[in-house]
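Position in the sequence shown (from 1) plus 51 gives the number in my numbering.
Each remark here refers to the structure printed beneath this line.
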Amino acid sequence: MALIVQKFGGTSVANTDKIKAVAQKVIKYQQEGNQMVVVLSAMSGETNRFVDMANDVQSIPDPREMDVLLSSGEQVTVALFSMAVKDEGFDSISLLGDQVKIITDNMHTKARIKSIHTELINKHLNDGKIVVVAGFQGVTEDKHITTLGRGGSDTTAVALAASLNADKCEIFTDVEGVFTTDPNICSAARKISRISYDEMLELASLGAKVLDIRSVGLAKRYKVPVHVRSTFTDSEGTWVVEEDKDMESMLVSGVAYSKNEARITISKVQDTPGVASKIFLPISDAGIVVDMIIQNTRAGELTDLTFTVPRTDYEKAMKIVQIVSKEIGAENVTGSDDIAKISIVGVGMRNHSGIATTMFHVLAREGINIKMISTSEIKVSCVIEEKYTELAVRSLHEAFALDKDNQPVVE
Ligand code: ADP
Ligand code: ASP
Ligand code: MG
Numbered sequence: 052m053a054l055i056v057q058k059f060g061g062t063s064v065a066n067t068d069k070i071k072a073v074a075q076k077v078i079k080y081q082q083e084g085n086q087m088v089v090v091l092s093a094m095s096g097e098t099n100r101f102v103d104m105a106n107d108v109q110s111i112p113d114p115r116e117m118d119v120l121l122s123s124g125e126q127v128t129v130a131l132f133s134m135a136v137k138d139e140g141f142d143s144i145s146l147l148g149d150q151v152k153i154i155t156d157n158m159h160t161k162a163r164i165k166s167i168h169t170e171l172i173n174k175h176l177n178d179g180k181i182v183v184v185a186g187f188q189g190v191t192e193d194k195h196i197t198t199l200g201r202g203g204s205d206t207t208a209v210a211l212a213a214s215l216n217a218d219k220c221e222i223f224t225d226v227e228g229v230f231t232t233d234p235n236i237c238s239a240a241r242k243i244s245r246i247s248y249d250e251m252l253e254l255a256s257l258g259a260k261v262l263d264i265r266s267v268g269l270a271k272r273y274k275v276p277v278h279v280r281s282t283f284t285d286s287e288g289t290w291v292v293e294e295d296k297d298m299e300s301m302l303v304s305g306v307a308y309s310k311n312e313a314r315i316t317i318s319k320v321q322d323t324p325g326v327a328s329k330i331f332l333p334i335s336d337a338g339i340v341v342d343m344i345i346q347n348t349r350a351g352e353l354t355d356l357t358f359t360v361p362r363t364d365y366e367k368a369m370k371i372v373q374i375v376s377k378e379i380g381a382e383n384v385t386g387s388d389d390i391a392k393i394s395i396v397g398v399g400m401r402n403h404s405g406i407a408t409t410m411f412h413v414l415a416r417e418g419i420n421i422k423m424i425s426t427s428e429i430k431v432s433c434v435i436e437e438k439y440t441e442l443a444v445r446s447l448h449e450a451f452a453l454d455k456d457n458q459p460v461v462e
């Protein structure tokens, strides 16, 4: 008997009809002899609606109360799902994060899972029930409700699969798997049948929201095979697994983009030891993740420092930087949040030069100016003006022949 964790995203449970259809799907898997743990998101649009309401009533919503609010969307879907299963004559129980005891740290709205108690889930599974767990939520040791960051139900599912030692974790969503780029903005995008954890980590961190990055990190660490597939068809999706030889022959496996970006520049900073730490310490203390950093030394002892932060943290970061820049005597602070980050990813890049140059050439040909560049051994990212995002994605997808099964062969 296999134990399967299946997660269904917001569009898969968007209304009661869809919840009933998902319940029937899961029952079928159980009837084939599997033990089923189901993780659900809130109905699509619900979490955004809660965020808007919170912003309406408090200028900067209290993080603890925000989590009490945000976690309520998943409470609705798990209860309805369990009812739908019962209505079909099968047994099911819904469990919230604090009932399971998904213990997290206290970083409200982006909490990290510290441990998961599996006793209660195992007990109900052994009683023959379909166990349905609310995604995206946990509880601190001192009983405060937390959420895991947007898209966090994927992380709940993979973390449960790891701690229950499940045979696989299936992520059901509104596309047929992981594609060479977002199929919703590039019609030439092609479904990838197998992708390595590392490539998926890069794609997710660079904006491919089909999987939450933290879920991929957990899957890699605990070797959980993850199958990303469509809720609405039965076709095979994408397996996210350990790297193998075939994957290395692909130069570039995907193009990702992120519009959740903002750029801050501090001009004429003293070029002396300790300045960078003075700037970045309060930013990281505020829980803001800095991504690209560029330092340009001017003549003399002054330098300009430019870096990117998530657009959702832009205002908070700006306030902090304005205070710090006065303390360190910088000339001024400027910023913009109409930028996007475009990236190409592929393990085949490790051993091949010229990939970045091709990317720069393609962007230049389209008249797209590159504002910042960063590279790692398996990716190249460029910051550009947001309005060129779709054009850049489609041009790079075509230039690297990602729409073709047979990409340029690499020795
Ligand atoms: P869910 O609500 O099921 O969690 P998400 O909206 O979080 O679904 O993720 C699925 C979406 O991810 C797709 O609809 C697609 O627009 C987007 N996406 C971005 N990049 C990719 C990619 N490379 N492959 C597949 N989907 C992608
Ligand atoms: N409902 C949450 C969100 O919209 C979590 C998730 O869907 O994964 O971010
Ligand atoms: Mg998602």
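Backbone N, C-alpha and C fix where the C-beta goes; we use that ideal spot for every residue, glycine too.
Here the structure is a predicted model, which means the values were calculated and not measured.
* Starting from S387, trace the beta strand (DSSP E) both ways and give me its first and last residue. => N383 to V396
* Asked: For A217, does the count of other Cβ atoms within 10 angstroms reach 16, so buried, or fall short, so exposed?
  -> buried
* Asked: the ligand ASP heavy atoms versus the CB of S247: any closer than 8 Å?
  -> no
* To do: Would you list the residues sitting across from D218 in a DSSP beta bridge?
  => Beta-bridge pairing links D218 to no other residue.
* Answer with buried or exposed for H159, where buried requires no fewer than 16 other C-beta atoms within 10 angstroms of its C-beta. => buried
* If you draw a straight line from the C-alpha of V460 to the C-alpha of E293, how long is it? -> Note that V460 scores a pLDDT of 43, beneath 50, so its modelled location is shaky; the value from the coordinates is reported in the next line. Straight-line Cα distance between these residues: approximately 21 Å.
* From M410 to D342, what does the alpha carbon distance come to, in whole angstroms? -> 20 Å
* Let me know if I435 comes out buried or exposed under the rule of 16 or more other beta-carbons within 10 Å of its beta-carbon. => By the neighbour-count rule (16 or more Cβ atoms within 10 Å), I435 is buried.
* Between N235 and V396, what straight-line distance do the alpha-carbon atoms span, to the nearest angstrom? -> In a straight line, the C-alpha of N235 is about 19 Å away from that of V396.
* To do: Return yes when at least one heavy atom of the ligand MG lies under 8 Å from the C-beta of G60, else no.
  => yes
* Asked: Under the three-state reduction of DSSP, which class applies to G124: helix, strand or coil?
  -> helix
* Hey, would you say the C-beta of F203 is under 8 Å away from at least one heavy atom of the ligand ASP? -> The question names Phe, but residue 203 in the sequence shown is Gly. Result yes, Cβ under 8 Å from the ligand ASP.
* To do: Can you give me the start and stop residues for the alpha helix (DSSP H) that G268 sits inside?
  => I264 to Y273
* **Per DSSP, the bridge partner or partners of T426** => V431
* Asked: Mapping DSSP to helix, strand and coil, what is Q109?
  -> coil
* Check each candidate in E382, V320, R401 and F59 and name the one with the smallest Cα separation from E250. => R401
* To do: Look at the alpha carbon of I243 and the alpha carbon of V129, and state the distance between them as a whole number of angstroms.
  => The straight-line gap from Cα to Cα measures roughly 31 Å.
* Note the first and the last residue of the continuous alpha helix (DSSP H) segment covering L199. => Here L199 belongs to no alpha helix (DSSP H), and DSSP marks it neither H nor E.
* Same chain, Cβ closer than 6 Å to V229, neighbours up to 5 away in sequence not counted -> I243, I246, V261, V279 and T289
* To do: Kindly examine the ligand MG and report whether one of its heavy atoms sits closer than 8 Å to the Cβ of S256.
  => no
* Counting contacts by CB-CB distance shorter than 9 Å, is V261 in contact with chain D? -> Annotation note: the requested chain D is absent from the structure, which comprises a single protein chain.
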